[in-house]
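Asks: One structure, as structure tokens, below. Some questions next.
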Amino acid sequence: MRKLFAFICLLTLVLGVQAQKVTLQDVANGTYRAQSIHGLKPMLDGEHYTQISPDHKRIVKYSFKTGEEVGTVFDVATARNHTLKSFDDYILSPDESLILIQTETKPIYRRSFTAVYYIYNVKNRTLEPLSEGGPQQVPLFSPDSHQIAFVRNNNIFLVKLLFGNSESQVTKDGEYNKVLNGIPDWVYEEEFGFNRAFDFSADSRMIAYIRFDESQVPMFSFPEYKGMFPSRDEYASYPGAYTYKYPKAGETNSTVSVHTFDIKSRVTRKMNLEMDADGYIPRIKFTSDPEKLAIMTLNRHQNRFNVYMANPRSALCKTVIRDEAEQYIKEQAYSDIVFYPENIVMMSERDGYNHLYLYSIGGNLIKQITSGRFEVKEFLGWDQKTNVFYYTSNEESPLRSAVYKVDGKGKKTKLSTRVGTNNALFSKNFAYYINTYSSKDTPTLITLNNNKGKEMATLMDNAELKSKVANLNMPTKEFFTFKTPDGVELNGWMMKPAHFDPNKKYPVIMHQYSGPGSQQVLDRWGIGSFGDGGMFEAYMCDKGYIMVCVDGRGTGGRGAAFEKCTYLFLGVKESKDQAAAAHYLSTLPYIDGTRIGIWGWSFGGYNTLMSMSEGSGAFKAGVAIAAPTDWRFYDSVYTERFMRTPKENGEGYDAGSPIKQAAKLQGKLLLIHGTADDNVHFQNCAEYSEALVQANKQFDMQVYTNRNHGISGGNTRNHLMNRVADFFIENL
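Taken in order, the sequence shown gives residues -19 to -1, 1 to 713; the numbers are from mature numbering (1 follows the signal peptide of the UniProt record, and there is no 0).
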């Protein structure tokens, strides 16, 4: 009887495990999303780091040596003079005596937001408002920790902590849709990837800032409705409109200039910068020398990058570094540049691959730090005491990344041991680093290591997620390569149903992004269309589909020639490669080549339309979400980086326009777009759908009210996923 009972229990357990399936509500809710550690910041002593507690009520101090909690730096329960229940983020002052506590965060665009900040005194545990004048943007401590500058309503303000937190206004000409001081305009924020455009000098006596005059930039407007989640009651009867400055390809950009403000004398100076009138200033940064302000510029074609050293008082500017490319300079040249007292470390693709270069502070090239047929993905720092450089690269495979160090003599050592995707954050003294690892089968694993690579502690292993996933009908994940008719070898991943039968013929759904420099085929947990280990794919696999992704030409990780071969003709080679992938898949004995679908979001949606219109009829059905449909509608910085202007390259714009190819569309199509997309405007969807109507092409369309480029909020994401799944189930 006991044996029978045990067998029944075991059978129940097995059947229970087998019965668990991924639901689309799970995917929308992030039920199987890997946990990470947030707000992690190394401390000055090199032996400790801080991070936000999971409940966002404390800032906790940990030991780099053991990973153990050793104290609390801030706690809402013990801080005085406040009514806060939790907080969103924090900024440590340079001397760590003060902390800016971020609350009431309200997003503006992708990287910008307003928030209400409080100054916390670590010693006496008091909390006081940074400013009583309204929410702030991008606050920054001065190097001596005695001042805080921030932006409000497009103007820079300064709070002097040694003078009773007295607040003064640095700039006064800031105005919405006209002038921005110290914060970037929409296109700079989106395409140059930053949200603060001011800095303090090393001696804390001056502030330098970029001024954006966008008064001549064309306006763009889209309607706003009452909607739900959130509900805009003011638009209950009549719609409203959101209007902002958005420079499209070939149109007028903001006029940019660099200014310095002398805090003591209150004198403002404009730097005498010799640059093209239509050029860009993607970064400014004070060096450790208060007389040297680094100003980085690009010409409008973005193929010439200059680093100037400006004297903030005399306003004289001198070129110290120039880097040029035939097509364009990648963002890492200015986003990852680091200034040391006597040196500059920067990235360049001048030898065909992204590598590190060491310059003197005066701009003389000392040496190329890394070299080879691989890409440096991130510069992690330079320990000047030991003359050792730390970085991550994909030396072993374009699909993977590892942590390395190289000394002054060129001796290279691999520090990370696990095969997959590795990222690192080093302590201030480079004695330790926190390694974040994942692979296609392993969710995020965060470990503490010494600078020889030895693991000392595990900080997070996502054991609960691994246990959940173990009870699911997860698909098998495989990488593959194949050669296109053009002789190009491409990388892909494939997910097969858990109970895959090689004797059956399966329909295929291909997901891709395909944008310049992007990579979807990577050995990481983020594999899959929603970056969650392939849970949407697991749902579709369970419905009897094989899920596939292929990185075509133009994607990253394989050097400049592979990435930049799509220059001036976006969408042409990318779509040919997706069609070639579909044809390759149709040769496999277990795939039904007459039932292959394709989908994607943003550039992936664009390339879905291009791939369904390239002429081979490779795809029976496709879904294009938030897709650009003519590059003339998209922003100047991104589009011209790869296409130049419509006036210069009309042929390329026409060849890469789904609207121009509308009559060639083959297969069933579902268009999805949000009406409040500030990035890829709904205009793209409206104009493309009209082109399909006039070409007598039937299609389906799903519009989401008041949704931006991410299309989420309330039940929106769940509805979208069901719409995509049902469309493919119906048509494949």
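Think of the CB as a built atom: it goes at the ideal place given N, C-alpha and C, for glycine as much as any other residue.
1. For Y157, write down the residues that DSSP places opposite it in a beta bridge.
2. What ranges does the beta strand (DSSP E) occupy inside the stretch 316 to 376, keeping only unbroken runs of at least 3 residues that lie completely in it?
3. On the three-state DSSP scale, how would you describe E518?
4. Can you tell me whether M187 is buried or exposed, with buried defined as 16 or more other CB within 10 angstroms of its CB?
5. Can you tell me where the beta strand (DSSP E) with Q117 in it begins and where it stops?
6. Measuring alpha carbon to alpha carbon, tell me which residue in S499, G155, D681, F179 is nearest I262.
7. Check this for me: beta carbons of S374 and V400, under 8 Å apart or not?
8. Let me make sure I understand the geometry here. Which of F370, E330, Y371, I164 has the alpha-carbon closest to that of G353?
9. Can you give the Cα-Cα distance for K311 and N452, rounded to whole angstroms?
10. To the nearest angstrom, how far is the alpha carbon of residue 727 from that of S510?
11. Could you check the C-alpha separation between G574 and W506 for me, to the nearest Å?
12. In whole angstroms, what is the alpha-carbon distance linking D56 and H19?
13. Can you tell me where the alpha helix (DSSP H) with K545 in it begins and where it stops?
14. Where DSSP assigns a beta bridge to A96, which residues make up the other side?
15. Are the Cβ atoms of L111 and E77 separated by less than 8 Å?
16. Express the C-alpha separation of M437 and F201 in angstroms, rounding to a whole number.
17. Check whether the Cβ atoms of S147 and K141 lie closer than 8 Å to each other.
18. If you follow the alpha helix (DSSP H) that M624 is part of, which residue opens it and which one closes it?
19. Pick out the complete beta strand (DSSP E) segments inside the stretch 556 to 609, 3 residues or longer, and give them in chain order.
20. How would you label I490, buried or exposed, when you count the other beta carbons within 10 angstroms and need 16 or more for buried?
21. Between the stretch 480 to 494 and the stretch 512 to 526, do at least 3 Cβ pairs fall closer than 8 Å?
22. For A644, which residues from the same chain have a beta carbon less than 7 Å from its beta carbon, with the 5 sequence-adjacent residues on both sides left out?
23. Grab the span of the beta strand (DSSP E) containing D532 for me, first residue to last.
24. Are there 16 or more other CB atoms within 10 angstroms of the CB of I347, so buried, or fewer, so exposed?
25. From this set, D659, P23, G694, which residue's C-alpha is nearest E171's C-alpha?
26. In this structure, does DSSP put V661 in helix, strand or coil?
27. What is the DSSP secondary structure of Y223, counted as helix, strand or coil?
28. Would you call the CB atoms of H492 and C546 closer than 8 Å?
29. Which residues does DSSP list as the beta-bridge partners of Y39?
30. With a threshold of 8 Å on Cβ separation, who are the neighbours of L(-9) within its own chain once the five nearest residues in sequence on each side are excluded?
31. Just mark M476 as buried or exposed, buried being the case when its beta carbon has 16 or more other beta carbons within 10 Å.
32. Compute the beta-carbon to beta-carbon distance between M702 and V8, rounded to the nearest angstrom, for a pair I have assumed lies under 8 Å.
33. Can you give me the C-alpha to C-alpha distance between V97 and I82, rounded to a whole angstrom?
34. Just verifying my parser: in three-state terms, what is the DSSP assignment at residue 714?
35. Tell me the DSSP secondary structure of A632 in three-state form.
36. Apart from the five residues just before and just after T236, which ones in its own chain have a Cβ nearer than 6 Å to its Cβ?
Replies: So, to answer that:
1. Y157 is not bridged to any residue.
2. 324 to 329, 336 to 341, 346 to 349, 357 to 364, 369 to 374
3. helix
4. buried
5. Element bounds for Q117: n/a, residue is neither H nor E.
6. F179
7. no
8. Out of F370, E330, Y371, I164, E330 has the C-alpha closest to the C-alpha of G353.
9. If you draw a straight line from the Cα of K311 to the Cα of N452, it comes to about 43 Å.
10. Only positions -19 to 713 of the chain appear in the structure, and residue 727 is not among them; the question remains open.
11. Cα to Cα, G574 sits roughly 29 Å from W506.
12. Rounded to whole angstroms, the gap between the alpha carbons of D56 and H19 is 16 Å.
13. Where K545 is concerned, the enclosing alpha helix (DSSP H) stretches over 541 to 545.
14. For A96, which the question treats as bridged, DSSP gives the partners Q117.
15. No, they are not a contact pair.
16. Here the alpha carbon of F201 sits roughly 54 Å from the alpha carbon of M437.
17. yes
18. 617 to 624
19. 572 to 582, 602 to 606
20. buried
21. yes
22. Cβ neighbours of A644 beyond the five flanking positions: A676.
23. 527 to 532
24. exposed
25. D659
26. coil
27. strand
28. No Cβ-Cβ contact shorter than 8 Å links H492 with C546.
29. The identity of residue 39 in the sequence shown is Arg, whereas the question assumes Tyr. Beta-bridge pairing links R39 to D56.
30. Model confidence at L(-9) stands at a pLDDT of 42, short of 50, so the residue's coordinates are unreliable and nothing is read from them.
31. When all chains shown are included, M476 counts as buried.
32. 6 Å
33. 8 Å
34. The requested residue 714 does not occur in the structure, where the chain is confined to residues -19 to 713.
35. Reading off the sequence, residue 632 comes out as Glu, not Ala. If DSSP states are grouped into helix, strand and coil, E632 belongs with the helices.
36. D194
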